[in-house]
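K.L.:
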Amino acid sequence: MTEPDDELIEKKGVSRRNFMKGAVAGAVVGAVVVAGVEEGVRIPGLPKSAATTVTSTKTVTTTVTGTGTGTGTGTGTGTGTGTSTTPTGPVTSKVVTLTVNGNPQTLLVQANWSLLEVLREKLNLFSVHDGCSLGECGACTIMMDGMGINSCQILAIEAEGHQITTLEGISDYGNNLDPVQKAFIANQAEGCGYCTPGQIMQARALLNAIPKPTTAQIRTAMGGNLCICGVYNRILTAVASVGGSS
Amino acid sequence: MSTPTFNVLSQPNPDLLLLQKVTGKLDYSTDHVFEGKLYAAMLGSPYPHAKITAIDTSAAMALPGVKAVTTYLDCPIMTQELFYVGQEVCGVAATDPHIASQALLLVKVTYSVLPFVTNIDAAITNNTLTGLIPNTNEVGEPLTGGWGDVNAGFAASDVTVEDTIGMSASYQHSTLEPRSCIAVWDNLVQDQLTIYTDCQNPFSFRSTVAGALNIPLENVTIKTHGTGGAFGDLNFNTHNVVAAVLAKKAGAPVQYHLSRKQNYLSSTQQYADRGDIKLGAKSDGTLMAIQATFWTDIGAFPWPAVGDAISPLQITFNVPNASFTGHTITTNKPQGAYWRCVGEPGGLFDMEPVIEQLCAKLNMDKVQFLLKNVKTMNDTDNGSLGLNAGQSGLPFSSMALAKCIQDAANSIGWTTKWHAPGTKVLSDGRYHGIGISGFVCNKGTSGGDIDCAIINSTTDGGFFLNVGISSIQDTVSALTYLAAEAIGVSAGDVRIGAYGDTSVTQNCGGQGGSTRCITTGAAVLQAGLDVQSQLFAVAAPMLKTTPDKLSAKLGNIFVTGTPTQSVTVAAVLAASPNPIVGRGYNTYPTKMVTRTTCATAAEVAVDEATGAIEVLDMVTADDVGTSLTHNGTTNQIMGGAVQSLGYALMWSWFVDDSVGVPMNPSFLGHRFPTQNDFPTPDNFTAIIEESYDKNGPLGVKGLGEPPLATPAAAIVNAIYNATGKWVRSQPATPWAVLKALGKSQ
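In order, the protein sequences belong to chains A and B. Here the first sequence is numbered in my numbering, starting from 1 and rising by one per residue. Here the second sequence is numbered in my numbering, starting from 1001 and rising by one per residue.
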């Protein structure tokens, strides 16, 4: 995950920090007690009425991996004070212009929809896969301003003003394959194919930032993209071959 | 044994869906657009055991955007009594996924909380019942079997060892695509339902849905192309039924994409095993007796699973005396079902430490011990208690375990690298260890299903293969290559036709038990030969001969022995008065037993200060019979090693037995190996052994499961070799390693 420009986002009236707070509170609930409130799974011992309120002040550490100039990991801490209650009035929607794969598109989006949800459900860009919606698996990795991000971890309305690129965008919708795609084909760097679009986008973002990454840099950068079929060595070899480091 | 020369098979043979996968164009379950589609969300049980005494969904239904609600009162897969945390209580369909989730908070449920038990020892010894089986927690009668006289066997042994290592890990499949589907009822025709779903068993899904909804089988169509991992969990499709019920009630298509948390809790799990094992051997290493009692914790899904855990110990060795008992115990935990290789990874975890201890007492090299005692082609099968029971005494159709063990050992440099436990320290101060594991697997034989394949000619001189299976990894491609070999054409001449669609293909078994390339493969082989005989009938007059004098190879039909007297398949198709359609059904001989075999050798470094383990090098040698696609075979072996590494070191459920709640339903909590956890390409080797199986179509046998079982056991053995201590709780996390070293409580 890379940090978008918070200042810019706050000018637009939507703070990524606020969004993260909500996510953090949810995570705390999930980790500390039972199963998440967002699932509607209630916590034993708490009132079973509709108005279940959960508050937590636990500190959560999030690891942030970036592929900007140089690859690196940073850590950030946040204090989550979150409330999970019954529905609180109507969710607002907003007309936004999203620049996706070079095409500005103006559309009405719900303020609480992630970019992942809008890319899939509104724009039908089905290469963007929903593995967890928690920022844990990398299946929904896209590029925002050239950097790899989990599209489930940003609201669609926060993406306005940024260049959004999906797998469809790097290959002219499959008509002109990116070298990374060619390398994935040459190495059969896939099993079931579900993580593949995210792997390719993360690799493209890495190679944009570091054209000839070392093995260690590839492993670090690709470390957030799970492949449950387990073809990691094929992926590593494919990415290295594009960078010319193997 | 002489092995036929292949023209297409036993080559790299890339996945024919590669282009679709790297462009994101392969359609998975929810990659379909429907006007007015609704989104489902599911309320799961907060309690490990409870009964719903009242449920009021009126407030949820009144939330703007909510279109349908379903509970045990009208959903066939839901029950009033709940047996594990996360079990389905109430499904909602709404115009927006977030509204659906919000509506769940408005569902008022009153539960009568019942006693529960999530720990297997407590489930065996105390009186708390899981509620799954009347008056007991054990599934059926204990499984028993054996041969010879174990007491006499131990009396005749020079050395005996006896140990119980502990419970193996229980974990969820963690398919990257959670269970998901879209259910669409036809508005024009009564009770016609189409479900787009992730799936490893389309025809079984169809039966499940039709049965649950009580509508005719042919009213249900299952469509499945891409499936984002299955590993056993996608044999089950409660999610399809939920979506279908909601779609019917709402009068609109419903997309049900389980949240990661709900997928962890309400999908199936790998179950855990424990084995109390006693072994006896002569001083020369000859195994004389095996006595074992296994316990399987099956969670909230009562079926007699324990046979698979016993299997490695039962069918790997020649031993004159053996006695086995198996118990399957229910607990109020997520449902235990089939994870890749089912009970055998746990069975190996249980048995390997005891074998290692026997080798230590015998002062015998593990590799030499294995080579002295494992099954060879000269032996017969011991039979199984679980799957494929009743094969005792039959010869093998192929058996290459000894070769797998030798090749894995040679590749890693066993003879120079093995040392006494706890005696080698690396230059960086970490302990070095090496381990090996090999076994005979009861997977990878015929599934016994009725499979059908249809091959039809195209107008451009090629063929389409149409089979009923879904696409997980490269199975459809592998069968397409098999079809090309069978017909006698080049790989590119056969393309993937219809697959994963119950309305246009014939019956096919599921992708489980590593059976598909054998069972569906047998049907594809027969269909290919059917095509070939029809081609020969047209070609014979063209070549002024009779069909029985003809052969086909790489797209040319020629007079056998006179390759110059030939005609191309394309020309024969052009000359054929009718399109050519080949049909095949699976036939499978039963006079020999098909067993797959696999061995892994692993080297580890153990940091005594932190307990951290690094896998330095790993080699897996897997006998797959004829390898249909070397690329796919390699990826299966590699993927097995990745998953097994996670099984050995990081991947497990952690359940709080005081409240009966699984604590880690997420990718981060249920940690799966990443790119950083697995050895780099220089340090992992997949060796494809091709023994040519006499039962299988063109020598094929199963592939998917055995390479999952051995890496974890090899790693655990290597940790012992490094430290001289057994890690008695799985996974071998740094904490568990420190505990084994006596450095932590």
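Even glycine gets a Cβ: it sits at the ideal position worked out from N, Cα and C.
Tell me which residues share the same chain as B/Gln-1636 and place their Cβ nearer than 6 Å to its Cβ, disregarding the 5 neighbours each side in the sequence.
P.N.:
Start at 1 with the first residue of the second sequence, and residue 1636 of chain B comes out as number 636. Hits under 6 Å: Leu-1703, Gly-1704.
K.L.:
So B/Val-1538 contacts chain A; which residues on that side make the cut at Cβ distance below 8 Å?
P.N.:
Sequence index remark: in the second sequence, residue 1538 of chain B carries index 538 (1-based). Result: empty, since nearest Cβ-Cβ is about 37 Å, beyond 8 Å.
K.L.:
Indicate whether B/Gly-1326 and B/Ile-1310 have their beta-carbon atoms separated by less than 8 Å.
P.N.:
Counting from one through the second sequence, the residue named residue 1326 of chain B turns up at place 326. Counting from one through the second sequence, the residue named residue 1310 of chain B turns up at place 310. In this structure, B/Ile-1310 lies closer than 8 Å to B/Gly-1326 by Cβ.
K.L.:
Between A/Val-231 and chain B, is any beta-carbon pair separated by less than 8 Å?
P.N.:
Here residue 231 of chain A refers to the residue found at position 231 of the first sequence. Yes, A/Val-231 lies at the interface with chain B (some Cβ there is under 8 Å from its Cβ).
K.L.:
Leaving out five residues on either side along the sequence, give the residues of the same chain with a beta carbon under 8 Å from the beta carbon of A/Pro-104.
P.N.:
Here residue 104 of chain A corresponds to residue number 104 of the first sequence, with the count starting at 1. Excluding positions up to five away in sequence, the list reads Thr-97, Leu-98.
K.L.:
Name the chain A residues whose beta carbon is nearer than 8 Å to that of B/Ala-1641?
P.N.:
Against the second sequence, residue 1641 of chain B aligns to sequence position 641. Ordered by position in chain A, the residues that pass the 8 Å Cβ test against B/Ala-1641 are Gly-230.
K.L.:
Any beta carbon from chain B within less than 8 Å of A/Ala-209's own beta carbon?
P.N.:
Taking the first residue of the first sequence as 1, we reach residue 209 of chain A at position 209. Closer than 8 Å: no.
K.L.:
Just how far apart, CA to CA, sit A/Leu-236 and B/Leu-1016?
P.N.:
Sequence index remark: in the first sequence, residue 236 of chain A carries index 236 (1-based). Sequence index remark: in the second sequence, residue 1016 of chain B carries index 16 (1-based). Whole-angstrom Cα-Cα distance: 21 Å.
K.L.:
Applying the criterion that 16 or more other CB atoms from any shown protein chain within 10 Å of the CB defines a buried residue, is B/Pro-1697 buried or exposed?
P.N.:
Against the second sequence, residue 1697 of chain B aligns to sequence position 697. Under this definition B/Pro-1697 is a buried residue.
K.L.:
Determine the chain A residues that contact B/Phe-1684 at a beta-carbon separation under 7 Å, and present them in chain order.
P.N.:
In the second sequence, counting from the first residue as 1, residue 1684 of chain B sits at position 684. Correct list: Asn-233.
K.L.:
B/Leu-1265 and B/Pro-1734: beta carbons closer than 8 Å?
P.N.:
Within the second sequence, the letter at position 265 stands for residue 1265 of chain B. Within the second sequence, the letter at position 734 stands for residue 1734 of chain B. No; because the gap between Cβ atoms is not below 8 Å, this pair is not in contact.
K.L.:
Please say whether B/Thr-1221 and B/Thr-1502 have beta carbons closer to each other than 8 Å?
P.N.:
Here residue 1502 of chain B refers to the residue found at position 502 of the second sequence. Here residue 1221 of chain B refers to the residue found at position 221 of the second sequence. Closer than 8 Å, so yes.
K.L.:
Name, in chain order, the residues that DSSP records as bridge partners for B/Lys-1278.
P.N.:
Counting from one through the second sequence, the residue named residue 1278 of chain B turns up at place 278. Per DSSP, B/Glu-1162, B/Gln-1291.
K.L.:
Buried or exposed for B/Lys-1591, please, with buried defined as at least 16 other CB atoms from any protein chain shown within 10 angstroms of its CB.
P.N.:
The sequence position of residue 1591 of chain B within the second sequence is 591, counting from 1. So B/Lys-1591 counts as exposed.
K.L.:
Is A/Ile-157 close to chain B, meaning its C-beta is less than 8 Å from at least one C-beta of that chain?
P.N.:
Locating residue 157 of chain A in the first sequence gives position 157, counting from the first residue. Not an interface residue.
K.L.:
Thinking C-beta only, is B/Pro-1707 closer than 8 Å to B/Ala-1602?
P.N.:
For the purposes of this step, residue 1602 of chain B is identified with residue 602 of the second sequence, where counting begins at 1. For the purposes of this step, residue 1707 of chain B is identified with residue 707 of the second sequence, where counting begins at 1. Taking 8 Å as the Cβ cut-off, B/Ala-1602 and B/Pro-1707 do not qualify as a contacting pair.
K.L.:
Any idea if B/Phe-1654 is buried or exposed, counting beta-carbon neighbours within 10 angstroms, 16 or more meaning buried?
P.N.:
Walking along the second sequence from the start, residue 1654 of chain B turns up at place 654. By the neighbour-count rule (16 or more Cβ atoms within 10 Å), B/Phe-1654 is not buried but exposed.
K.L.:
Go ahead and pull the three-state DSSP assignment for A/Thr-71.
P.N.:
Walking along the first sequence from the start, residue 71 of chain A turns up at place 71. Model confidence at A/Thr-71 stands at a pLDDT of 31, short of 50, so the residue's coordinates are unreliable; what they give is reported in the following sentence. A/Thr-71: coil per DSSP, three-state reduction.
K.L.:
In the DSSP assignment, find the unbroken alpha helix (DSSP H) run with B/Cys-1359 in it and report its ends.
P.N.:
As a first step, residue 1359 of chain B must be located in the second sequence, where it is residue number 359. Counting along the chain, the alpha helix (DSSP H) containing B/Cys-1359 begins and ends at 1344–1362.
K.L.:
State the Cα-Cα distance for the pair B/Thr-1594 and B/Val-1700, rounded to the nearest angstrom.
P.N.:
Position 594 of the second sequence holds residue 1594 of chain B. Position 700 of the second sequence holds residue 1700 of chain B. Straight-line Cα distance between these residues: approximately 10 Å.
K.L.:
Please list, in chain order, the chain A residues whose beta carbon lies closer than 7 Å to that of B/Ile-1472.
P.N.:
One-based indexing of the second sequence puts residue 1472 of chain B at position 472. Under the 7 Å cutoff, chain A gives Cys-192.
K.L.:
Under 8 Å, Cβ to Cβ, is there at least one residue of chain A near B/Asn-1631?
P.N.:
Here residue 1631 of chain B refers to the residue found at position 631 when the second sequence is read from its first residue. Answer yes: the Cβ-Cβ gap between B/Asn-1631 and chain A drops below 8 Å somewhere.
K.L.:
Just by C-beta distance, which residues in the stretch 1072–1099 of chain B are closer than 9 Å to chain A?
P.N.:
Residues passing the 9 Å Cβ filter: Val-1085, Gly-1086, Val-1089, Cys-1090, Val-1092, Asp-1096, Pro-1097, His-1098, Ile-1099.
K.L.:
Sorted by chain position, which residues of the same chain lie with C-beta nearer than 6 Å to B/Phe-1154's C-beta, five sequence neighbours on each side aside?
P.N.:
By 1-based counting over the second sequence, the position of residue 1154 of chain B is 154. Thr-1160, Gly-1280, Ala-1289, listed in sequence order.
K.L.:
Taking B/Pro-1421 as the reference, which of B/Leu-1217, B/Ala-1054, B/Ile-1719 has the closest Cα?
P.N.:
Start at 1 with the first residue of the second sequence, and residue 1421 of chain B comes out as number 421. Checking every option, the nearest Cα to that of B/Pro-1421 belongs to B/Ile-1719.
K.L.:
Name the DSSP beta bridge partners of B/Arg-1495, please?
P.N.:
As a working note, residue 1495 of chain B is residue 495 in the second sequence. Its beta-bridge partners are B/Phe-1464.
K.L.:
In terms of DSSP beta bridges, what is A/Pro-197 paired with?
P.N.:
The residue you call residue 197 of chain A lines up with position 197 of the first sequence. Answer by DSSP bridge pairing: none, since A/Pro-197 is not bridged.
K.L.:
What does B/Lys-1108 pair with, by DSSP beta-bridge criteria?
P.N.:
Along the second sequence, one-based indexing puts residue 1108 of chain B at 108. Beta-bridge pairing links B/Lys-1108 to B/Asp-1056.
K.L.:
Does the stretch 1485–1495 of chain B come into contact with the stretch 1462–1474 of chain B, if we say contact requires no fewer than three beta-carbon pairs (one atom in each stretch) closer than 8 Å?
P.N.:
The stretch 1485–1495 of chain B is in contact with the stretch 1462–1474 of chain B.
K.L.:
Which residues in the same chain have their Cβ closer than 6 Å to the Cβ of B/Thr-1053, if we skip the five residues on either side of it in sequence?
P.N.:
On the second sequence, residue 1053 of chain B is found 53 positions in, with the first residue counted as 1. Result list for B/Thr-1053: Thr-1110, Ser-1112, in chain order.
K.L.:
Does DSSP put B/Phe-1684 in a helix, a strand or coil?
P.N.:
Here residue 1684 of chain B refers to the residue found at position 684 of the second sequence. Here B/Phe-1684 sits in strand by DSSP.
K.L.:
Run through DSSP, which three-state label would B/Asp-1753 get?
P.N.:
One cannot answer for residue 1753 of chain B here, as it falls past the ends of chain B, which runs 1001 to 1745.
K.L.:
Between the beta-carbon of B/Thr-1330 and the beta-carbon of B/Gly-1285, is there less than 8 Å?
P.N.:
Sequence index remark: in the second sequence, residue 1330 of chain B carries index 330 (1-based). Sequence index remark: in the second sequence, residue 1285 of chain B carries index 285 (1-based). Result no, Cβ atoms of B/Thr-1330 and B/Gly-1285 do not sit closer than 8 Å.
K.L.:
I'd like to know if A/Cys-140 contacts chain B, where contact means its C-beta is closer than 8 Å to some C-beta of that chain.
P.N.:
As a position in the first sequence, residue 140 of chain A is number 140, starting the count at 1. Taking Cβ atoms only, chain B never reaches closer than 8 Å to A/Cys-140, which makes this a no.
K.L.:
Return the residue from the list B/Thr-1629, B/Ser-1729, B/Asn-1676 that minimises the CA-CA distance to B/Asn-1007.
P.N.:
The residue labelled residue 1007 of chain B in the question sits at position 7 within the second sequence. With distances taken between Cα atoms, B/Asn-1007 lies closest to B/Thr-1629.
K.L.:
Provide the residue(s) that pair with B/Arg-1583 in DSSP beta bridges, ordered along the chain.
P.N.:
For the purposes of this step, residue 1583 of chain B is identified with residue 583 of the second sequence, where counting begins at 1. Bridge partners of B/Arg-1583: B/Ile-1454.
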